[in-house]
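If you're matching positions, the sequence shown starts at 1 in this note's numbering and goes up one per residue.
Here a beta-carbon is modelled for each residue, glycine too, at the ideal position from N, C-alpha and C.
Because the structure is a prediction, the values reported are computed rather than measured.
First the structure, in the form of structure tokens, and then the observations on it.
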Amino acid sequence: MKTRPAGIGDVHADWMGSLPSKLSAMPLKHLAVPGSHDSFTFWVDVHAPVGPDQKAYVKYLATMFSVLAKKVMVKWSMTQNLTFKEQLDAGIRYFDLRVSSKPSEPGNEIYFIHGLFGHKVSDGLLEINSFLSRHRKEVVFLDFNHYYAMGPEHHVYLINLLREVFGSKLCYNCVVESVTLDFLWEKRHQVIVFYHHPSGQGNPNMWPGNKIPAPWANTTEPNKLIQFLQTTLKERAKQGSFHVSQAILTPRVNTVAKGLVWGLRNYLVERNLPTIMSWVEAQRPGKDGVNIITSDFVELTDFANIVIKLNNRLLSEQEGKAR
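Next comes the structure, spelled out in structure tokens:
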């Protein structure tokens with residue numbers, strides 16, 4: 001396990017449980033919730049084959065140049081430095097998850113993946129469950145939105161794994177507007193799993209992907225990203241779903257080529273974070289506002305704290321109406 005980066009503590013380990021009753025009674029879709037993008041990339045395996053989520057030319061380069069190519073891939077595949085526990089302690093409550101089998105491996109084991117393979121999914125889920133067992137009023141969103149090299153038997157394995165690890169902590173698929181923290185605390189539910197695959201249909205504990213749209217700007221330019229975030233917020237569905245604002249920039253092939261040795265964090269993320277965080281700080285949650293906001297390298301700024309504090313604006317609005 002890596003050492004904890006400077007300045008990261010567990011100051012927000014219980015932020016949901018500490019919210020005023022006026023907020024815990026509100027639909028969770030109206031609250032501001034911090035999330036991480038490609039949440040599992042704090043460790044990837046340079047010794048495993050390149051993942052099946054990569055294009056043929058990337059696999060070819062990795063075969064030709066082996067460990068050297070993979071070390072470059074690590075710099076562009078990693079979007080987080082904090083482990084799941086460290087992210088949870090810091091206040092992150094939404095996790096963006098991509099998973100895959102290892103095609104050359106027997107059995108149904110599933111791994112996190114982003115270019116390179118990460119930890120076993122089972123290990124990550126156990127770490128999250130351990131945190132939730134110690135912090136009974138905290139709730140997480142687990143968004144399984146990309147699957148690679150997975151047949152029916154792999155999906156059966158993964159869904160059974162989720163049920164075995166979390167058990168009664170899993171919230172059943174229901175009307176989004178009815179999901180408040182008060183409701184979840186009463187039912188002792190702490191985990192909402194979104195399963196973007198037909199295999200999840202018919203399972204009461206797997207929420208469909210259309211209940212958590214996460215529009216993707218797919219741009220390297222912060223101004224275009226902000227314009228996209230504003231537009232998609234205005235178009236946010238009024239009923240029936242949560243909403244993810246992906247406050248992230250996405251490298252293109254030429255971006256990687258230009259910044260090959262620097263990597264995603266140094267070449268693209270750090271220089272543009274001030275612009276992106278200015279947008280985040282200006283937001284308000286609520287019916288027409290932000291809900292879940294995701295970021296790369298959540299420890300580089302006071303990201304989680306900034307998002308959590310947006311909920312204070314809901315309180316001040318309520319107090320204003322009461323006067």
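Outcome for residue i when other beta-carbon atoms lying within 10 angstroms are tallied against a minimum of 16
i	result
Trp216	exposed
Val175	exposed
Arg93	buried
Ser245	buried
Gly202	exposed
Glu138	buried
Tyr57	For Tyr57, the predicted model reports a pLDDT of 45, less than 50, meaning its position is unreliable and no value from the coordinates is stated.
Thr231	exposed
Gly240	exposed
Ser100	buried
Ala6	The predicted position of Ala6 is uncertain, since its pLDDT is 37 and thus under 50; a value taken from the coordinates is nonetheless stated next. The residue in question, Ala6, is exposed, as its Cβ has fewer than 16 Cβ neighbours within 10 Å.
Asp38	buried
Pro285	buried
Glu299	buried
Tyr60	Here the model assigns Tyr60 a pLDDT of 49, short of 50, so the residue's position is not dependable, and the following value carries that caveat. So Tyr60 ends up on the exposed side.
Gly107	exposed
Ala237	exposed
Arg98	buried
Asn218	exposed
Leu126	exposed
Asp288	exposed
Val307	buried
Gly263	buried
Gly167	exposed
Asn205	buried
Lys2	Note that Lys2 scores 40 on pLDDT, short of 50, meaning its location in the model is unreliable; the coordinates nonetheless yield the value given after this. Exposed, because fewer than 16 other Cβ atoms sit within 10 Å of the Cβ of Lys2.
Ser24	buried
Ser77	buried
Val280	buried
Asn160	exposed
Tyr147	buried
Val11	exposed
Asn266	exposed
Asn173	buried
Which residues DSSP lists as bridging residue i, in chain order
i	result
Asp143	Asp96 and Phe194
Gln338	With the chain covering 1 to 323 only, the question about residue 338 has no answer from this structure.
Phe112	Val99
Pro285	Val290
Phe117	Ile113
Ser36	Phe95 and Ser295
Rounded Cβ spacing between residue i and residue j (contact assumed at less than 8 Å)
i	j	result
Leu229	Ala247	7 Å
Phe141	Ile192	5 Å
Leu315	Pro103	Wrong, their Cβ atoms sit about 51 Å apart, outside the cutoff.
Asp53	Phe95	No, Asp53 and Phe95 are not in contact; Cβ-Cβ is about 17 Å, not under 8 Å.
Phe194	Lys211	7 Å
Asn145	His196	5 Å
Pro213	Gly200	The pair is not a contact, with the Cβ atoms about 16 Å apart (cut-off 8 Å).
Gly124	Asn305	Not confirmed; about 24 Å, so no contact.
Glu184	Phe131	Strictly speaking, residue 184 in this sequence is Leu, with Glu absent from that position. About 16 Å separates the two Cβ atoms, so there is no contact after all.
Gln283	Leu310	6 Å
Residue i at chain C interface by Cβ criterion, 9 Å
i	result
Ser21	The structure shown contains no chain C; it is built from a single protein chain.
Contact test: residue i Cβ vs the ligand HEM heavy atom, cutoff 8 Å
i	result
Lys287	This structure lacks the ligand HEM, and indeed carries no ligand of any kind.
4 or more residues per run - each alpha helix (DSSP H) lying fully within the segment 7-31:
Within the segment 7-31, the runs of alpha helix (DSSP H) that reach at least 4 residues and sit entirely inside it are, in chain order, 21-24.
Are there three or more Cβ pairs, one per stretch, closer than 8 Å when the segment 167-185 is compared with the segment 216-235?
In short, these stretches do not touch, since the Cβ pair count stays below three.
Could you check whether the segment 78-98 touches the segment 40-51, counting it as contact only if at least three pairs of C-beta atoms, one from each stretch, sit closer than 8 Å?
Yes, since at least three Cβ pairs between the segment 78-98 and the segment 40-51 fall closer than 8 Å, the two stretches touch.
Under 8 Å: do the segment 46-53 and the segment 116-123 share three or more Cβ pairs, one atom per stretch?
These segments touch.
Inter-stretch contact (C-beta, 8 Å, three-pair minimum) for the segment 28-36 and the segment 285-301:
Inter-segment contact for the segment 28-36 and the segment 285-301 is present: three or more beta-carbon pairs are separated by less than 8 Å.
Hey, which unbroken runs of the beta strand (DSSP E) at 3 residues or more fall wholly within the segment 120-194?
The segment 120-194 contains these whole beta strand (DSSP E) runs: 140-148.
Could you tell me whether the segment 146-158 touches the segment 20-31, using the rule of 3 or more Cβ pairs below 8 Å?
As far as the Cβ criterion goes, the segment 146-158 does not touch the segment 20-31, which means the pair count is below three.
Could you tell me which uninterrupted alpha helix (DSSP H) segments, each at least 4 residues in length, are contained entirely in the segment 199-236, listed from first to last along the chain?
Here the runs fully enclosed are 222-234.
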